[in-house]
Amino acid sequence: MVPWYASELVYSKASYPSLASHVERAQASGLPGATFDKPLIRTTDPAIIKKNRDPACGDAPSVWLMTCDEYPVATSRNGLSAGGTRRTFDGCQMPHVSSGTGSSGVSVCMITGKENSAQGGLNTQFYRRERVLDGDPFRVTVS
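The numbering of the sequence shown is our numbering, which starts it at 27 and goes up by one.
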């Protein structure tokens, strides 16, 4: 690994369509992570991860076979722990969250539970394979 190179975490549209759609829309709304100049920053701090995840999806509705996904990922320093507000998109089934744009905050969307569970494993494998440590930059792309 080159220390200044932001490794790339790739989500496949073919394998993870609802996850990939959410990430694409979140990044298009201005959230970081897609480019080298605006990467996500990894965190391993459980307190930061909790501050990112709980307020993002803590009040998510109960939707059959769906779970709440947050972007930027909870294991980054770029989530709600860094400031901003929640946003969502049409079709995300988050009725109490409004749409929005900008470089801070978090996007929330209901995605299939199967894809959301798989995402955790994909992220963990990526961090290990690419040796992405606490404080390291990384990118998230969709193919």
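Where a beta carbon is used, it is the ideal one built from N, C-alpha and C, also for glycine.
In the three-state scheme derived from DSSP, where H, G and I count as helix and E and B as strand, F164 is classed as strand.
Non-local beta-carbon contacts of R79 in its own chain, meaning distances under 8 Å to residues more than five positions away in sequence, involve E96, A100 and G105 in chain order. Look at the segment 128-152 and you find these whole runs of beta strand (DSSP E), each 3 residues long or longer: 132-138. For K64 and P58, the gap between their C-alpha atoms comes out near 5 Å. Within the segment 62-107, complete alpha helix (DSSP H) segments of at least 4 residues are found at 72-83, given in chain order.
Contact holds between the segment 145-152 and the segment 32-49, because three or more Cβ pairs, one in each stretch, are under 8 Å apart. Taking the Cα positions, S133 is about 18 Å away from T69. The residues I67 and T69, in chain order, have a CB closer than 6 Å to that of R103 in the same chain once the five nearest residues on each side in sequence are set aside. Using a C-beta cut-off of 8 Å, the segment 71-91 makes no contact with the segment 41-57, since fewer than three inter-stretch Cβ pairs fall below that distance. In this structure, R154 and A32 do not form a Cβ contact; the two beta carbons are roughly 17 Å apart against a cut-off of 8 Å. Of all alpha-carbon atoms in C135, R157 and K76, the one lying nearest the alpha-carbon of A108 is that of K76. Per the coordinates, the alpha-carbon of P121 lies some 30 Å from the alpha-carbon of D71.
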